[in-house]
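Each remark here refers to the structure printed beneath this line.
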Amino acid sequence: MKEIVKGKAYVVGDSIDTDQIIPAAHLVYSMTIPDERRMYGRYALSGLPKESQGLPDGNHAFTAEDSYESEYKIVIAGSNFGCGSSREHAPFSLMVAGAEAVVAESYARIFYRNAVDGGFIIPFEGRLKLTEVISTGDELTIESGAGLLTNHTTGHEYLLNPLGDVAEILRAGNVFEYARQAGLMD
Amino acid sequence: MGQTITQKILARNAERDRVSPGENIWVDVDILMTHDVCGPPTIDIFKREFGDSAKVWDKDKLVILPDHYIFTEDPHAMRNIELLRAFASEHDLPHYFDVGTSRYKGVCHVALAEEGFNRPGNVLFGTDSHTCTSGAFGLFSTGVGNTDAALIMGTGKIWVKVPETMRFVFEGSLPPYLMAKDLILSVIGDIGFEGGTYRALEFDGQAVFDLSMEERMTLTNMAIEAGGKNGIIAPDEKTFEHVRARTDAAFDPVYSDLNAVYHTEKVYDVSKMEPVVAKPHRPDNRATVSEVAGTKLDKAYIGSCTGGKYEDFLAAAQILEGEEVRVNTYVVPASTEVTKQLRENTLNGKTLWQVFLDAGCKMGHASCGACLGGPIDTFGRSEGEEIVISTTNRNFPGRMGSKLASVYLASPLTVAASAIHGVITDPREVLV
């Protein structure tokens, strides 16, 4: 787990389901063959309707057309982020696009678990409705251990909820490393 | 202090006497299910972590049911079936149900029930969020991602956070115009689409035990639409009869203690409930059918793990028989077994299949179909700004294909009544 995550914010609203994070039609690509894997970066968050793409203005694609990587490192989201399907391709696509953390008001259970067990991104929880005070493009820093988010664009700081039990898995790297440490795998 | 059925099943598979909500525990998995979308990446991770020549932990406990992207020309989707086939052959897997053979089944959650893999008291994981469907048979079942599935494939174990349980008790006698879909959409509307997050949803009460196994599956299927970890119904004689007719495997049923502690308990009198829909674009956006009656439609869809079972079509056929649909209506049986029953069983002397054809419906092959959009050539996929009424389980933007489309979720009775009028219609208006 990275101690410091630094980069531009990409803000989305409430109830962003896995079809908006990675539309089902794109799930056919291999997650390991490099030429196909990068397609997950291209299509990450492409299911968002235009007006919901990068709040408050909308119309900012997460990954620019003809690109495979996003300029945004931190997704700021409302409640129930990642609801819907169990597709691990959802947190995976955010990672392939270059995102390192999500800060949501709340998560759907399977998305949260996939993010942690696969070690794809760090799923932080905010204490306030950060989607109302952070704008797409703001420059942010998150200190993971301290649970502190700094918005350099506005000069405000926000405390995040402690990661709790899952910090152990995130620190191990993924659930396999965690299971090895627990003596469940050779 | 007593424990719920969910706690007791998890405790047993963790070799513990009791477990408490909030604890993280490691459990032994009785069945792991995967399909064509999440199977190939699960296999990749399994090989990466356990080695190219690693064996699956127990091949009798691994069930692979391709079902998502089957009837498509998409070359990547076809390649994924090849990958499953090769893995099944390499590991000599007894429970691989190959596409293009007589073993092909269709939607995994319905096939698990048909093939006797849902066994009371078991722990079942699957790489699909609707794996919670299996809980209708009194087992703990939930959806996981590829990484967790790969860990199970190699070790037979997984960590679980023990959920609190929300108990929903349905009393009274179900009127003929209501189906399990109306009950579960009402629950989701009441508690919200994250009202069950991290929790078990247990369904109880005489009205639940009066339901057939298929209808019970509609209840547990949509536990995830309230954010639930699992949906569960205590097993009864109907459950045992269904399971014993399909497997010789031993099972040991578990029941909630009388003094079990619940997060919430909510009681419904089903005789006073109404047909409902979930309006676009969230499954908790509930309205009574009468509130949205008259809404103009472009398409109707009957299918999926939650709305494409035999009894779903039987209900729709009662309304469609002798009528003609006014909007494009797509019929997609969940499984090949459902297709067989539609072709064999009759209503007023006609096969159900013929009833749908005569009403002007378009008939598809057993699979997940357009429930989740899928490749561009998927049968029944939503297009443009269409307004769709569907028996499926999700209506987020783009779920059925087009992100500009609007989807109403409803029972097969409501969808059929709406299809023949071209506008959302209360089934009470057409049921005789």
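So the protein sequences, as listed, match chains H and Z. The numbers in the working numbering rise by one with no breaks, and the one at position 27 of the first sequence is 27. The numbers in the working numbering rise by one with no breaks, and the one at position 187 of the second sequence is 1187. The beta carbon of each residue, even a glycine, is placed where N, CA and C say it ideally should be.
Going by alpha carbons, who is nearest to residue i out of the options?
| i | options | result |
| --- | --- | --- |
| leucine 1372(Z) | Val5(H), Gly98(H), Gln20(H) and Val11(H) | Gln20(H) |
| aspartate 138(H) | Gly155(H), Gly147(H) and Thr18(H) | Gly155(H) |
| lysine 1181(Z) | Thr1127(Z), Val1123(Z), Glu1265(Z) and Val1270(Z) | Val1270(Z) |
| leucine 1124(Z) | Glu1049(Z), Cys1132(Z), Ser1141(Z) and Asn1348(Z) | Ser1141(Z) |
| threonine 1147(Z) | Leu1297(Z), Val1415(Z), Glu1049(Z) and Val1267(Z) | Glu1049(Z) |
| alanine 1226(Z) | Asp1036(Z), Gly1138(Z) and Asn1393(Z) | Asn1393(Z) |
| asparagine 1328(Z) | Gly1307(Z), His1421(Z), Val1277(Z) and Ser1367(Z) | His1421(Z) |
| lysine 1055(Z) | Tyr1268(Z), Glu1023(Z), Ala1088(Z) and Cys1038(Z) | Ala1088(Z) |
| valine 1187(Z) | Pro1253(Z), Val1208(Z) and Tyr1268(Z) | Tyr1268(Z) |
| isoleucine 1158(Z) | Val102(H), Thr141(H), Ala99(H) and Ala179(H) | Ala179(H) |
| aspartate 14(H) | Ser106(H), Ile74(H) and Gly78(H) | Gly78(H) |
| valine 1144(Z) | Arg127(H), Ala90(H) and Glu143(H) | Ala90(H) |
| glutamate 1194(Z) | Gly147(H), Lys2(H), Ile33(H) and Phe81(H) | Phe81(H) |
| histidine 1035(Z) | Leu1112(Z), Thr1101(Z) and Asn1013(Z) | Leu1112(Z) |
| glutamine 1318(Z) | Arg1381(Z), Val1430(Z), Asp1128(Z) and Leu1183(Z) | Val1430(Z) |
| glycine 1369(Z) | Gly1106(Z), Asp1098(Z) and Asn1013(Z) | Gly1106(Z) |
| aspartate 57(H) | Glu143(H), Ile142(H), Tyr158(H) and Tyr10(H) | Tyr10(H) |
| lysine 1350(Z) | Gly1002(Z), Pro1427(Z), Glu1321(Z) and Phe1240(Z) | Glu1321(Z) |
| valine 1261(Z) | Arg1012(Z), Ala1014(Z), Val1019(Z) and Asn1013(Z) | Val1019(Z) |
| leucine 1065(Z) | Val1338(Z), Phe1046(Z), Asp1128(Z) and Ile1184(Z) | Asp1128(Z) |
| threonine 1042(Z) | Leu1174(Z), Asp1092(Z) and Gly1154(Z) | Gly1154(Z) |
| lysine 1272(Z) | Asn1013(Z), Pro1175(Z) and Arg1286(Z) | Pro1175(Z) |
| valine 1407(Z) | Glu1323(Z), Pro1283(Z) and Asp1426(Z) | Pro1283(Z) |
| isoleucine 1191(Z) | Pro1275(Z), Arg1246(Z), Asn1285(Z) and Met1217(Z) | Asn1285(Z) |
| valine 166(H) | Leu148(H), Lys8(H), Met39(H) and Gly118(H) | Gly118(H) |
| leucine 1258(Z) | Glu1090(Z), Trp1353(Z), Asp1204(Z) and Leu1185(Z) | Asp1204(Z) |
Quick check on residue i: does DSSP put it in helix, strand or coil?
| i | result |
| --- | --- |
| tryptophan 1057(Z) | coil |
| isoleucine 1025(Z) | strand |
| threonine 1147(Z) | helix |
| tyrosine 10(H) | strand |
| tyrosine 1177(Z) | coil |
| threonine 136(H) | coil |
| lysine 1340(Z) | helix |
| histidine 966(Z) | No information on residue 966(Z) is available, as it lies outside the stretch 1001 to 1432 that chain Z covers here. |
| glutamate 36(H) | helix |
| phenylalanine 1346(Z) | Here the sequence assigns threonine to residue 1346(Z), which means phenylalanine is not the residue at that position. Looking at threonine 1346(Z) - three-state DSSP - the assignment turns out to be strand. |
| aspartate 1257(Z) | coil |
| aspartate 17(H) | strand |
| glycine 41(H) | helix |
| glutamate 1194(Z) | coil |
| serine 1020(Z) | coil |
| leucine 1201(Z) | strand |
| glycine 1106(Z) | strand |
Using a Cβ-Cβ distance cut-off of 9 angstroms, determine whether residue i contacts chain C.
| i | result |
| --- | --- |
| arginine 87(H) | Here chain C cannot be found, since the structure's protein chains are H and Z. |
Tell me, to the nearest whole angstrom, how far the beta carbon of residue i is from that of residue j; I am working on the premise that it is less than 8 angstroms.
| i | j | result |
| --- | --- | --- |
| leucine 1413(Z) | methionine 1213(Z) | Wrong, their Cβ atoms sit about 19 angstroms apart, outside the cutoff. |
| glutamate 1171(Z) | threonine 1004(Z) | Glutamate 1171(Z) to threonine 1004(Z), Cβ: 19 angstroms. No contact. |
| glycine 960(Z) | tryptophan 1057(Z) | As shown, chain Z starts at 1001 and ends at 1432. That puts residue 960(Z) outside it, with no answer to give. |
| serine 1411(Z) | isoleucine 1389(Z) | Actually they do not touch by this definition, with Cβ atoms about 10 angstroms apart. |
| arginine 87(H) | cysteine 1038(Z) | 7 angstroms |
| phenylalanine 1396(Z) | glycine 54(H) | Phenylalanine 1396(Z) to glycine 54(H), Cβ: 19 angstroms. No contact. |
| arginine 1119(Z) | valine 1254(Z) | Rounded, the Cβ-Cβ distance is 11 angstroms, inconsistent with contact. |
| isoleucine 1232(Z) | alanine 1200(Z) | 6 angstroms |
| glycine 41(H) | tyrosine 68(H) | 4 angstroms |
| proline 1040(Z) | leucine 1010(Z) | With 8 angstroms as the limit, proline 1040(Z) and leucine 1010(Z) do not qualify as a contact, their Cβ atoms being about 29 angstroms apart. |
| tyrosine 1177(Z) | arginine 1428(Z) | 5 angstroms |
| alanine 1234(Z) | glycine 1138(Z) | 6 angstroms |
Starting from residue i, trace the alpha helix (DSSP H) both ways and give me its first and last residue.
| i | result |
| --- | --- |
| asparagine 1013(Z) | 1005-1013 |
| isoleucine 1230(Z) | The residue asked about is misnamed: residue 1230(Z) is asparagine in this sequence, not isoleucine. Unbroken run through asparagine 1230(Z) is the beta strand (DSSP E), 1230-1233; no alpha helix (DSSP H). |
| aspartate 1092(Z) | Neither: aspartate 1092(Z) is in no alpha helix (DSSP H) and is coded neither H nor E. |
| glutamate 1215(Z) | 1213-1221 |
| valine 1415(Z) | 1412-1421 |
| leucine 170(H) | 166-172 |
| leucine 1357(Z) | 1352-1358 |
Tell me where the beta strand (DSSP E) around residue i begins and ends.
| i | result |
| --- | --- |
| aspartate 1377(Z) | Where aspartate 1377(Z) is concerned, there is no enclosing beta strand (DSSP E), given that its DSSP letter is neither H nor E. |
| leucine 48(H) | It is not in any beta strand (DSSP E) - leucine 48(H) carries neither H nor E in the DSSP assignment. |
| alanine 1207(Z) | Per DSSP, alanine 1207(Z) belongs to no beta strand (DSSP E); it is in the alpha helix (DSSP H), 1206-1209. |
| arginine 1167(Z) | 1164-1171 |
| valine 1243(Z) | Premise fails: valine 1243(Z) lies in the alpha helix (DSSP H), 1237-1244, not in any beta strand (DSSP E). |
| valine 1123(Z) | 1123-1126 |
| tyrosine 158(H) | 156-159 |
| serine 178(H) | The sequence shown places tyrosine at residue 178(H), not serine. Here tyrosine 178(H) belongs to no beta strand (DSSP E); instead the alpha helix (DSSP H) covers 175-181. |
| isoleucine 1389(Z) | 1387-1390 |
| valine 1160(Z) | 1157-1161 |
_Ordered list of alpha helix (DSSP H) runs contained in the region 54-122 of chain H, each at least 4 residues_ = 89-96 and 109-117
*Identify every run of the beta strand (DSSP E) within the region 1033-1083 of chain Z, keeping only runs that are complete inside it and at least 3 residues long; order them along the chain.*
1062-1064
*May I have a chain-ordered list of the beta strand (DSSP E) segments no shorter than 3 residues that lie completely inside the region 1268-1327 of chain Z?*
Counting only runs of 3 or more, we get 1276-1278, 1286-1288 and 1299-1303.
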